[in-house]
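Per our numbering, the sequence shown starts with residue 1440, numbered consecutively. Ideal Cβ placement from N, Cα and C applies to all residues, glycine included.
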Amino acid sequence: MERVPVLFCVIPVYNEPSTLEPCVERVLAAPLPPAWSLAVILVDDASDAETRAASERIVRAQSGHPGRVELLGHIINRGKGAALRTGFRRVLERCADESDAVIIQDADLEYDPRDFASLLDALPGGGRAAVYGNRWGMPGPAALKRRLHRSGNRALTWLSNLLTGYRIADMECCYKLIPVPLLRRVLPQLSENRFGIEPQLTAVLSREGAEVTEVPVRYDPRGFAAGKKIGARDGVRAIWVIVRERLRRAPRQETTE
């Protein structure tokens, strides 16, 4: 029987007791193209007891499906970027084929996993291209809510495009779909622990010569009162990361004669 490629969904988790379980339910119920299967990797970034209990309930509920949901954890809070790198390393340990891919999913309910299918449909073959979501490409609440946040996002995306050569509309979008062959090259170059992982990942993809395609995705933004964690200092850090990464060179590739 021909092997079906696996979409590994990495979910960094930090203090999301009310949204984590419905989020994972949506992920597990998301329709995928017939050629794909799904595995979820939760990375608990030293969350509170309620969130940790929710993570453990999710894993127990899937105990009849080995490998479908896996829970990893940090002893101390290290940030979204560190959680993603932990999840990415686990993906590379588990993947059995270069046709597998990884997608990032936040643990809140801002993003809709029903968009996984359109992101996968847009993924080119060859393992040298990534697919990003674009929150501003689809009509809905995102067009009206959090205008200041959107303005800041546009500014960061503009600067990122200026220094990477991409023409991305939404560099900070959570949904980033990366094939395993590309992830193998990118992961050793990632070091950001917090939200600076978004511009760093984009810059590293550019250094690796990867193409980036965008697909409109659904987005229902929440405010800080509802638990949103990114703030002004993360924007300042993002600017520094974008400039710093532009000055770095891609690591030398070993050659054999």
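So residue i and residue j are supposed to be a Cβ contact under 8 Å. How far apart are they, rounded?
{"i": "L1559", "j": "P1472", "result": "5 Å"}
{"i": "A1522", "j": "E1650", "result": "Not really, about 26 Å apart at Cβ, beyond 8 Å."}
{"i": "R1646", "j": "D1673", "result": "Actually they are not in contact, since the Cβ atoms of R1646 and D1673 sit about 22 Å apart, beyond 8 Å."}
{"i": "Y1571", "j": "I1607", "result": "6 Å"}
When the Cα atoms are used, what is the spatial distance from residue i to residue j?
{"i": "S1599", "j": "Y1614", "result": "17 Å"}
{"i": "D1658", "j": "S1457", "result": "Reading off the sequence, residue 1658 comes out as Tyr, not Asp. Computed Cα separation, rounded: 18 Å."}
{"i": "I1480", "j": "P1461", "result": "15 Å"}
{"i": "V1449", "j": "L1629", "result": "16 Å"}
{"i": "G1648", "j": "E1611", "result": "19 Å"}
{"i": "F1555", "j": "I1515", "result": "31 Å"}
{"i": "V1466", "j": "A1492", "result": "19 Å"}
{"i": "G1591", "j": "H1513", "result": "30 Å"}
{"i": "V1680", "j": "G1670", "result": "16 Å"}
{"i": "P1638", "j": "Q1544", "result": "16 Å"}
{"i": "V1508", "j": "D1483", "result": "13 Å"}
{"i": "T1695", "j": "A1500", "result": "No answer about T1695 holds up, because its pLDDT of 44 lies below 50 and its placement is not dependable."}
{"i": "R1496", "j": "K1519", "result": "22 Å"}
{"i": "F1447", "j": "R1593", "result": "29 Å"}
{"i": "I1542", "j": "E1653", "result": "14 Å"}
{"i": "T1525", "j": "P1660", "result": "26 Å"}
{"i": "R1553", "j": "A1469", "result": "5 Å"}
Determine the DSSP secondary structure at residue i, reduced to helix, strand or coil.
{"i": "E1509", "result": "strand"}
{"i": "N1600", "result": "helix"}
{"i": "N1592", "result": "helix"}
{"i": "T1694", "result": "At T1694, the pLDDT of 47 sits below 50, so the modelled position is not reliable; the number obtained from the coordinates is stated separately. In this structure, T1694 counts as coil in the three-state DSSP scheme."}
{"i": "V1682", "result": "helix"}
{"i": "L1446", "result": "strand"}
{"i": "P1552", "result": "helix"}
{"i": "P1451", "result": "strand"}
{"i": "L1562", "result": "coil"}
{"i": "E1537", "result": "coil"}
{"i": "A1469", "result": "coil"}
{"i": "G1670", "result": "coil"}
{"i": "E1464", "result": "helix"}
{"i": "L1626", "result": "helix"}
{"i": "G1576", "result": "helix"}
{"i": "A1608", "result": "coil"}
Can you name the start and end residues of the beta strand (DSSP E) that residue i belongs to?
{"i": "S1476", "result": "1476-1484"}
{"i": "I1617", "result": "1615-1618"}
{"i": "G1572", "result": "1568-1573"}
Flag this pair as yes or no: are the beta carbons of residue i and residue j separated by less than 8 Å?
{"i": "V1625", "j": "I1636", "result": "no"}
{"i": "G1566", "j": "P1620", "result": "yes"}
{"i": "A1535", "j": "L1562", "result": "no"}
{"i": "V1656", "j": "N1573", "result": "yes"}
{"i": "V1452", "j": "S1476", "result": "no"}
{"i": "R1529", "j": "L1510", "result": "no"}
{"i": "G1506", "j": "A1546", "result": "no"}
{"i": "S1494", "j": "N1454", "result": "no"}
{"i": "L1548", "j": "L1622", "result": "no"}
Starting from residue i and walking both ways along the alpha helix (DSSP H), at which residues does that stretch end?
{"i": "T1458", "result": "Run containing T1458: none; DSSP gives neither H nor E here."}
{"i": "I1497", "result": "1488-1500"}
{"i": "A1540", "result": "Unbroken run through A1540 is the beta strand (DSSP E), 1540-1543; no alpha helix (DSSP H)."}
{"i": "V1656", "result": "Here V1656 belongs to no alpha helix (DSSP H), and DSSP marks it neither H nor E."}
{"i": "Q1639", "result": "1636-1646"}
{"i": "G1526", "result": "1519-1533"}
Consider the C-beta atom of residue i and the heavy atoms of the ligand NAD; say whether any pair is separated by less than 7 Å.
{"i": "I1450", "result": "Judged by which ligands are present, the structure shown has none, so any question about the ligand NAD falls away."}
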